Structure formats: C-alpha cells, structure tokens
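When the letters of the sequence shown are read in order and numbered with my numbering, they come out as residues 206 to 613. For glycine and all other residues, C-beta sits at the position ideal for the given N, C-alpha and C. Being a predicted model, the structure only gives us computed values, none of them experimental. Have a look at the structure below, then the notes.
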Amino acid sequence: MNVEQVAKRNAAIMWFANFFIAASLTMVIPFLSLYIETLGNYSDDYVQRWSGWVFAISFLIAFIVSPFWGRFGDKHGRKIFLVFAAFGLGISVFLMGFVTNVTQLFFLRLFMGFFTGFISMSQAFISTQTPPKIAGKVLGTLQTGNVTGSLLGPLFGGILADTFSYSATFQLTAATLFIAAFLVTFGTKELKQKTKQAESHYSVGQVLQHIISKPVLVVIMLVSMFVQVANFSIQPILSLYVSEIHGPASIAFFSGLAFSAAGLGNLLMSRNWGKLGDRIGYEKVLVILLFLSAIFFLPGAFVGSIWQLVVVRFLLGTAIGGVIPLRTAYIREVSPYQIQGEVLGYNTSIRFLGNIIGPVVGGWIAGLYDIAAVFIFSSVLLLLSAISLLMTIKRDQKQGLEQSPVHS
C-alpha cells in the first residue's frame, strides 16, 4: 500500500472514529441536568448551578492541557494520543453511569476534560498525512464525520434514555467510544514525514515566537475563540427561545430541530468550503465565512416562528461550519511539520476558552435584555472578527510587498 493509499485509508477510518466520538459525547449532554436531578433531592437552583459547573469543567481542563497534548503528539506521534484519548473518554463516560452523587459526576467530567482533544488532534493527524493541495477538501470531509455524529447523537441518546435509563445510556454510550479507540488502534497507520529538519526540536518559546511572528495566524486563532463565544452564547438558551416563539408544545422536538438545522447546513457545505480554500487561499475563505456568519446570525433576533428560526439556523450552519477545517488547513500551511500539533493545541485551548465564555456572556445579555439581543451580539462579534481578519491580511500583504526586493 503506497503513501497516498495509506493517507486515504487513514482519512476514511478517522471519519468513522470522529463520527463515534462526536455522537457519543452529544448523546449525554442534552440530559446532563436531568441526570443530576436523579442523584438526590436537590432544589432547582442547586441543579442549575451544578449543571453549569459539570458542563464547564471539561472545557476548562481541556483549555489548560490542549497545548501539552499538541506538543506530545508532535514529539511522540499523534496516533498514540488518539488511542489514549478515545480509551480515556470511554472509561470516563462508562463510570458516569455508576455515580451516586453530583460530586462524583463533577470529578469524572473533570477527568474527561484531559481527553477532549480527540477531534482536534484527529484533524492534525489527517492534515499531516494529506498532500497540501487537497488539505482543505480532506479536512472538510473529515468535519462531516464530526457533524453527522453531533446530529445523530442527541437523537440516539434520547431514545436510549427513554428506553432504558440515564445510567444505562452512559454505559452504552461508552461502547461507541471504545469502538472509536479500536478503529484508530488497528485501522490507521501514522506515516513519518521526512523533512530537512526531521530531527529538529522546538522549545515552547520558539513555538510561541512562531505564532506571534505571524499576525494573520494570531488573528485566526483569536477568531476561533470568538466563533465559539458567538455559538455558545446562544446554544444553552436556544430551547428557551424556541419556547418563547413557538410555545411549550413538543418543545424537545422543535429545540432539537433548531439545533440540528445548523448541523445539517454544516454537513452539506464544509467540504465545499474546504475545496474553495484549496484553490484561492484558506484565510480568504475564512473572511468570507465570517461575513456570511454575521449576516445569517442577525435575523435570528427577529424571527416570528419556529420555521423561520430553523431556516436561519440552517443558513448559519452552511457558513460557520467551514471555519474549523479551513482554520486547521491554514495552520498546517504556515507551521513547520514538527510543531503543527502544538500550534493546533494552542488554538484548541483558545477555542475551549470561547466555549466557557460564550454561555456566561449569553446568559448575562439575555438576563439584562432578552434572548434576541444575544443574536445581535453574536452577529456584531462575528462582523468585527471578519473586519479584523481582513485588515490583518491586507496589512500583512502590504508589508510583504514592501519587504520584497525591487527588480528593475
């Protein structure tokens, strides 16, 4: 099997691994607060407070450890981490089905945070195994595995919880995580890249210096956080907004529909955005996507029916879903092979920070004004991100021209 065949096989296997990981993690998130209610005779305020802590702690730990895992992958191989992370996630989720109080659940979610970089590392893994000219297309395709799992996970999780119990759902969900672990272990092969600096080692300071020396890269990493802030500012309260504009009838179904609409748009378009990035430049397409995301976020503040919201969410998904694969492809393009995982680790860390900030800011704005104001805030945030990235690209190009030698 030649190098290109191995790369294609790796990409196919990782599609299914990402599907199982994303589906498993989203299976349990929708009823996490309901599960906490079954662990004791708690007040509503207690359940809401602990739900927030239990939800956020995984992202907080991931924010801290992602750069270290990225460095580990660069040094020892990315496949090793992927196997380690999949088994770690599986063990964490399996044990959650046996907890007897919310404190135990909290510490298992904390432990789980050490392994939540699977999908980000899988992007780094496939990125380094793929010819540069098709990196955007391949990463866009890989993204569809994650999105498909995220779309189907809540549905299967709800069916399992209704059929069995919350505890049993955690235990059954762990099985799909172990499947992902075995797929990576026995189905993939990590190709060692031969470079002129194959034996070079970069210190943490040198990696940070590389990032800081590239203004466009710095802005793209910050944009990753702002996109997550925009997304997560509305996600935790989207079901409340659905209830507001549609009423309590079949609230779970219509909330799920609103969530899934964005994922469907993402699924349909992320590969196409990746192909466009391969042709005209990843940073240019990122600017386009940020402007489109800002445009599509805004109408959410003014919808009058659930179907209008579903359409708006679908359009948003078509644009915002392309950001992740294009960002990964750009980082791969401008970073030496030996540090790509660590740079992606820093980016993942910044992105998880957005996951933490988003719900806090969204809840604060909704409480101060209303939920519609959160849509406006997110739209403005994405618009400013697009303008900042566009200006940085133009300034970087101008400086490049000024530094180029002049030929007579």
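Supposed close pair Ser475, Gly526 - CB separation, criterion 8 Å = Sure, about 5 Å apart at Cβ, within 8 Å.
key: Nonlocal neighbours in the same chain, by C-beta distance under 8 Å from Val528, ignoring five residues either side   = Closer than 8 Å at the Cβ level, and outside the excluded window around Val528, lie Val428, Ser429, Val432, Leu491, Leu494, Leu495, Ser498.
task = Find out if the Cβ-Cβ distance for the pair Gly345, Asn477 is shorter than 9 Å.
result = It is a contact, given that the beta carbons lie within the stated cut-off.
inquiry  = Judging by CA-CA distance, which residue of Phe268, Trp569, Ile324 is the nearest neighbour of Phe289?
reply    = Comparing Cα-Cα distances from Phe289 to each of Phe268, Trp569, Ile324, the minimum goes to Ile324.
ask   = Is the Cβ-Cβ distance between Gly550 and Ser248 less than 9 Å?
value = Gly550 is not a Cβ neighbour of Ser248, given a cutoff of 9 Å.
key: Cα-Cα separation, Phe458 to Asn471   = Answer to the nearest angstrom: the Cα atoms are 20 Å apart.
ask   = In angstroms, rounded to a whole number, what distance separates the CA positions of Leu662 and Ile500?
value = It is not possible to answer for residue 662, since the shown part of the chain is limited to 206 through 613.
inquiry  = Assuming Val424 and Thr597 are in contact, meaning their beta carbons sit under 8 Å apart, how far apart are those beta carbons, in whole angstroms?
reply    = With a Cβ gap of about 5 Å, Val424 and Thr597 count as contacting.
query = Measuring CA to CA, which of Gln411, Leu503, Leu300, Trp220 is closest to Ala577?
reply = Checked all of Gln411, Leu503, Leu300, Trp220; the closest Cα to Ala577 is Leu503.
ask   = Does the beta-carbon distance from Pro564 to Ala261 come in below 9 Å?
value = Cβ atoms of Pro564 and Ala261: closer than 9 Å.
ask   = Distance, Cα to Cα, Val307 vs Ala386?
value = Within the model, the alpha-carbon separation for Val307 versus Ala386 is close to 28 Å.
ask   = Relative to the C-alpha of Asp575, which residue among Arg518, Val252, Ser438, Ala267 is closest?
value = Nearest C-alpha to Asp575: Ser438.
message = Quick check on the DSSP output: what are the complete alpha helix (DSSP H) runs of length 4 or more inside the segment 263 to 291, in order along the chain?
response = The qualifying runs do not exist here; there are none.
message = Could you give the first and the last residue of the continuous alpha helix (DSSP H) run that contains Gln414?
response = Per DSSP, the continuous alpha helix (DSSP H) segment holding Gln414 begins and ends at 409 to 417.
ask   = In this structure, does DSSP put Val421 in helix, strand or coil?
value = Helix.
query = Which two residues bound the contiguous alpha helix (DSSP H) that contains Val331?
reply = The sequence shown places Ile at residue 331, not Val. Note, Ile331: alpha helix (DSSP H), 323 to 334.
inquiry  = Distance check for Gln376 and Phe299, CA to CA, integer angstroms please.
reply    = For Phe299 and Gln376, the distance between alpha carbons rounds to 5 Å.
ask   = On the three-state DSSP scale, how would you describe Lys401?
value = With a pLDDT of only 47 at Lys401, under the threshold of 50, the placement of this residue in the model should not be trusted; the figure read from the coordinates follows. Correct three-state label for Lys401: coil.
key: Lys394, buried or exposed, once every other Cβ within 10 Å from all chains shown has been counted against 16   = That one is exposed.
inquiry  = To the nearest angstrom, how far is the alpha carbon of Leu237 from that of Ser256?
reply    = A straight-line Cα-Cα distance of about 7 Å links Leu237 and Ser256.
message = I'd like the list of long-range same chain contacts for Val304, defined as Cβ closer than 8 Å, with 5 residues on each side in sequence excluded.
response = In its chain, beyond the 5 residues on either side, Leu244, Leu310, Leu313 have a beta carbon closer than 8 Å to the beta carbon of Val304.
request  = Report yes if the C-beta of Ala499 is less than 8 Å from at least one heavy atom of the ligand HEM; otherwise report no.
outcome  = This structure simply doesn't include the ligand HEM, nor any ligand for that matter.
ask   = Leaving out the 5 sequence neighbours to the left and right, which residues in its chain are closer than 7 Å to Ile544 when beta-carbon positions are compared?
value = Same-chain partners within the cutoff: Asp279, Tyr407, Val412, His415.
query = Would you call the CB atoms of Val421 and Glu488 closer than 9 Å?
reply = Closer than 9 Å, so yes.
request  = Check each candidate in Asn560, Arg214, Trp569 and name the one with the smallest Cα separation from Ile331.
outcome  = The closest CA to that of Ile331, considering only Asn560, Arg214, Trp569, is found on Arg214.
message = Whole angstroms are fine: how far does the CA of Gly282 sit from the CA of Phe391?
response = In a straight line, the C-alpha of Phe391 is about 15 Å away from that of Gly282.
task = Helix, strand or coil for Tyr551, going by three-state DSSP, please let me know.
result = Of the three classes helix, strand and coil, the one that applies to Tyr551 here is helix, per DSSP.
Burial state of Ile241 (16 or more Cβ within 10 Å) = Ile241 sits buried, since 16 or more C-beta atoms from the chains shown fall within 10 Å of its C-beta.
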